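**Q**
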Amino acid sequence: MTSMKHLFGAAAALALTAGLASAEPALIFDLGGKFDKSFNEAGYNGAQRWADETGGTYREIELSSEAQREQALRRFAEAGANPIITMGFAMTVPIETVAPEYPDTKFVNIDGWANLPNVQTVSFAEHEGSYLAGVMAAKASKSGTVGFIGGMDIPLIRKFACGYAQGVKSVNPDATVISNMTGTTPAAWNDPVKGSELTKAQIAEGADVVYAAAGGTGVGVLQTAADEGILSIGVDSNQNYLHSGQVLTSMLKRVDNTVYNALKAGADGLETGFINMDLASDGVGVAFDEHNAPLVNDDMKMAVAAATDGIVSGSITVENYAASESCSVLEF
Amino acid sequence: MDFVTILQVLDSTVRLAIPLLLACLAGLYSERAGIFDIGLEGKMLAAAMAAGAFAALSGNVWVGLLAGVGASLVMSALHGLASITFRGNQLISGVAINMLAAGITVLIAQDLFRQGGRTPSLSDGGRWDPISLPFSESLSGIPFFGQTYDELISGHSLLVYVAIAFVPLTWWVLYRTRFGLRLRAVGENPASVDTAGISVIRLRYTAVMICGVLCGVAGAYLATGLQAGFIKDMTAGRGFIALAALIFAKWRPWYALWACLLFGLLQAVAIRYQSIDLGGITIPVQFMEALPYILTVVILAGFVGRAIPPKAGGEPYVKER
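As given, the protein sequences belong to chains V and E, one line each in that order.
For the first sequence, our numbering assigns the number 1 to the initial residue and increments by one for each residue that follows.
For the second sequence, our numbering assigns the number 1 to the initial residue and increments by one for each residue that follows.
1. In this structure, what does DSSP give as the bridge partners for ALA26 (chain V)?
2. Enumerate in chain order the residues of its own chain whose CB-to-CB distance from GLY163 (chain V) is below 6 Å, with the five nearest sequence positions on each side excluded.
3. What separation, rounded to the nearest whole angstrom, lies between the Cα atoms of ALA307 (chain E) and PHE248 (chain E)?
4. In the stretch 201-230 of chain V, which residues sit with their C-beta less than 7 Å from some C-beta in chain E, listed in chain order?
5. Can you grab the Cα-Cα spacing for the pair GLU24 (chain V) / GLY273 (chain V), in whole Å?
6. Is the CB of THR258 (chain V) under 8 Å away from at least one CB in chain E?
7. Should THR217 (chain V) and GLY234 (chain V) be called a contact, given that it needs their Cβ atoms to be closer than 8 Å?
8. Output the residue ranges of the beta strand (DSSP E) runs that lie fully inside the stretch 216-249 of chain V and measure 3 residues or longer, sorted by chain position.
9. Pull out every residue of the stretch 221-250 of chain E whose Cβ sits closer than 7 Å to any Cβ of chain V, in chain order.
10. Can you give me the start and stop residues for the beta strand (DSSP E) that SER179 (chain V) sits inside?
11. Mind checking if LEU14 (chain V) is an interface residue toward chain E, Cβ cutoff 8 Å exclusive?
12. Put ASN98 (chain E) into one of helix, strand or coil per three-state DSSP.
13. Which residues of the stretch 4-21 of chain E have a Cβ closer than 9 Å to any Cβ of chain V? Give them in chain order.
14. Identify whether PRO130 (chain E) lies in helix, strand or coil by the three-state DSSP scheme.
15. So, at 8 Å on beta carbons, what are the nonlocal neighbours of ASP191 (chain V) in its own chain, with the 5 sequence-adjacent residues on each side left out?
16. Quick one: what does DSSP say ILE311 (chain V) is sitting in, helix, strand or coil?
17. So that I know if they touch, is there some Cβ in chain V lying closer than 8 Å to that of ARG323 (chain E)?
18. For a contact meaning CB atoms closer than 7 Å, what does ILE283 (chain E) contact in chain V?
19. State buried or exposed for MET300 (chain V), treating a residue as buried only when at least 16 other CB atoms are found within 10 Å of its CB.
20. When you compare the CB positions of GLY126 (chain E) and ALA56 (chain E), do they come within less than 8 Å of one another, or not?
21. Quick one, which of V:VAL193, V:ASP227, V:GLY55 and V:THR145 has its alpha-carbon nearest PRO173 (chain V)'s?
22. Select from V:ASP309, V:SER313 and V:SER38 the residue whose C-alpha is nearest the C-alpha of TRP189 (chain V).
23. Ignoring anything shorter than 4 residues, give me the alpha helix (DSSP H) runs that lie fully in the stretch 195-229 of chain E, in order along the chain.
24. By how many angstroms is the C-alpha of GLN227 (chain E) removed from the C-alpha of LEU279 (chain V)?
25. Taking Cβ-Cβ distances shorter than 7 Å, what residues in chain V pair up with GLN147 (chain E)?
26. Using DSSP's beta-bridge definition, name the partner residues of SER123 (chain V).
27. Between PHE76 (chain V) and ALA26 (chain V), how many whole angstroms is the CB-CB distance? I'm expecting something under 8 Å.
28. Which residues in chain V sit within 8 Å of GLN286 (chain E), going by Cβ to Cβ distance?
29. Can you confirm whether ALA187 (chain V), when its beta carbon is compared against all beta carbons of chain E, has any partner nearer than 8 Å?
30. Which runs of the beta strand (DSSP E) spanning at least 3 residues fall entirely within the stretch 136-174 of chain V, listed in chain order?
31. Note down, in chain order, every chain V residue with its Cβ under 8 Å from the Cβ of ILE336 (chain E).
32. Of the residues that make up the stretch 111-140 of chain E, which ones have a beta carbon closer than 8 Å to any beta carbon in chain V?
33. Could you check whether the Cβ of VAL90 (chain E) sits closer than 8 Å to any Cβ belonging to chain V?
34. Relative to the alpha-carbon of ALA256 (chain E), which residue among E:LEU169, E:ALA50 and E:ALA53 has its alpha-carbon at the smallest distance?
35. Give me the Cα-Cα distance between VAL193 (chain V) and TYR102 (chain V), rounded to the nearest whole angstrom.
36. When burial is assigned at 16 or more other CB atoms within 10 Å of the CB, is ASN60 (chain E) buried or exposed?
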């Protein structure tokens, strides 16, 4: 019960400080939580990097229900926090509601599509990062069959799948890509048991590399892949260390850089409008570290470097599912 | 579709059906005694967290199992206190337990491990290893029989065999023992049980506690059998599917086994085949996932035999004065 006391204490402290005006920046983490080993944690790491470098402080809240979104935004805006950085596409609609009421406050809408004069909307070229992951998967696969396991079936996740499939086919046009989605409700982000079963089913169909873009469900995918002795690919944050030597790579979404840049720019320097974090701006990429070093050979690294150059220079175009709502190499 | 594929789907069916079966039998004891329990989900979740946490701390899977059962029993005691002693509304108490478990599991796991409400990945000693039944290797060469024995029957964790053993055990307890007769009676007509000089309160508490033990095993199986740790909301609605299975099984143990296997099979097929082509008509995967609920509604509506719940279910017992 002491934890409950901590919680109430923290809530009371938040309520007290909310009344004080300040120009501190604020961070709103989404339902996955600050330490989700993935998307939100990347944002937290960026903010921490800024805090360590500059000695600055920031305010934060971890949302625990849908109803809190607008409330948290308004609370921070009312308290004078500026800029207010939000994680996740689900904050788009609350920002569209709240931002016009506070024209002097700047908002950052990561992964969203809000189009307002005081909002910086950041999108990531996940299809480009996934393309690189696909290149590596095809190079590492011996069976010629690779898998993709998505979380909730939304266009954003199909964008991952489509980019991945294109990367695979660029190396091995005859390769088979098996794609599964965990579900159609938000519960699909937190169902590791189903993630495991999907992985086992894909292994039975011959897959020897699986790419999980599925939040908490991905924990089950990576675990089963490690148990069954095949390779897996992590997502958002660097997840290579989760099963050292058995995770081929992780598709990085440099949310940390975005948050760091926004905090560094501050309320005055923050550019509003649309920002696309792509391969060229180091917004996405694949992870190489000591945990996957034994799995990566020079051939693979060269292929990734060539694909990166191709995409940055424009000689390779990666089809973006979210824009075209169709994918030429993968059926959903 | 060859024989090996069928075996793989059936193997997956067993893994998916076991948590449902344990939760379903848990609900069966409770509801047969007249205590509706929609808190199965919450109890499983609490048990999964406790099992994951204690297995990680101790490195021993048995400690995890005990902790899981313990956590589930605490939730059961809460439900009993609210709905038996204080005669509160059983549905509201169940909802409260689900919400409490969803919040408190993440809170405690975060406080203990600082990994975002997740317990650390378990290494070998902290997980249930698959058990190879005798001769499974040597028999696997024999087509059909040997393959079935090796792939489907052998190679599950101990909890799977325990769960299946609970089905005949539950049948025997309910229909062949004095305790079972009283348990069923207290769910149908508690006044008559009371007149016979038997404590309604004690019987109902016993039933709710048995329910807690079974939910505890279900949660421990999720976190330390199927997975290597707890993550938030990992039960993902299985407690509710178990409730649907309980209604589908008309509150009977053997039917519960078949209902859970059927629901497990539907999930396994949906996982293996994203969309099924039936000669021109494509069945989308979402339909397969919704089918357990649709079947339950059909049963409830009385199209395929009537599902009659225990008569005194949901009613707190008030002694006549």
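Built from N, CA and C at the ideal position, the CB exists for glycine as well.
All values derive from a computational prediction rather than experimental measurement.
**A** The answer reads as follows:
1. Here ALA26 (chain V) is bridged, per DSSP, to V:ARG59 and V:ILE84.
2. HIS127, SER130, TYR131 and VAL318.
3. Cα-Cα distance, rounded: 7 Å.
4. Hits within the stretch, in order: ALA201, ALA204, GLY216, VAL219, GLY220 and GLN223.
5. Each residue's Cα considered, the two are about 22 Å apart.
6. Cβ-Cβ to chain E under 8 Å: no for THR258 (chain V).
7. In this structure, GLY234 (chain V) does not lie closer than 8 Å to THR217 (chain V) by Cβ.
8. Annotation note: the stretch 216-249 of chain V contains the following uninterrupted beta strand (DSSP E) runs of length 3 or greater, listed N- to C-terminal: 231-236.
9. Of all residues in the stretch 221-250 of chain E, only LEU222, LEU226, GLN227, ALA228, ILE231, LYS232, ASP233, MET234, ALA236 and GLY237 come within less than 7 Å of chain V when Cβ atoms are compared, listed by chain position.
10. Counting along the chain, SER179 (chain V) sits inside the beta strand (DSSP E) bounded by residues 176-183.
11. Residue placement at LEU14 (chain V) is poorly supported in this model, since its pLDDT is 49, which falls under 50; the coordinates still yield a value, given next. Taking a beta-carbon distance threshold of 8 Å, LEU14 (chain V) does not count as an interface residue toward chain E.
12. It is helical.
13. Using a CB distance below 9 Å, the part of the stretch 4-21 of chain E facing chain V consists of VAL4, THR5, GLN8, VAL9, ASP11, SER12, ARG15, LEU16 and PRO19, ordered along the chain.
14. Strand.
15. Hits under 8 Å: THR182, GLY183, GLY216, THR217 and GLY220.
16. In this structure, ILE311 (chain V) counts as helix in the three-state DSSP scheme.
17. The structure shown has nothing for residue 323 (chain E), since chain E only spans 1 to 321.
18. Among the residues of chain V, none has a CB under 7 Å from the CB of ILE283 (chain E); the nearest is roughly 15 Å distant.
19. Classification of MET300 (chain V): buried, given that the 10 Å Cβ count is 16 or more.
20. Closer than 8 Å, so yes.
21. With distances taken between Cα atoms, PRO173 (chain V) lies closest to V:THR145.
22. Ranking the options by Cα distance to TRP189 (chain V), first place goes to V:SER38.
23. For the stretch 195-229 of chain E, whole alpha helix (DSSP H) runs of length 4 or above, ordered along the chain, are 200-220.
24. So the alpha carbons of these two residues sit roughly 35 Å apart.
25. In chain order: nothing, as chain V lies at least about 14 Å away.
26. DSSP, once it has assigned bridges, lists V:ASN276 as partnering SER123 (chain V).
27. With 8 Å as the limit, PHE76 (chain V) and ALA26 (chain V) qualify as a contact, their Cβ atoms being about 4 Å apart.
28. Residues of chain V passing the Cβ test: THR184.
29. Chain E, which has a Cβ nearer than 8 Å to the Cβ of ALA187 (chain V), makes this yes.
30. Here the runs fully enclosed are 145-152.
31. The structure shown does not extend to residue 336 (chain E), since chain E spans only 1 to 321, so no value can be given for it.
32. Residues passing the 8 Å Cβ filter: ASP111, ARG114, GLN115, GLY116, GLY117, ARG118 and SER121.
33. The identity of residue 90 (chain E) in the sequence shown is Gln, whereas the question assumes Val. Interface with chain V (8 Å Cβ-Cβ cutoff): GLN90 (chain E) is excluded.
34. Selected option, being the one with the closest Cα: E:LEU169.
35. A straight-line Cα-Cα distance of about 44 Å links VAL193 (chain V) and TYR102 (chain V).
36. ASN60 (chain E) is exposed by the Cβ-count criterion.
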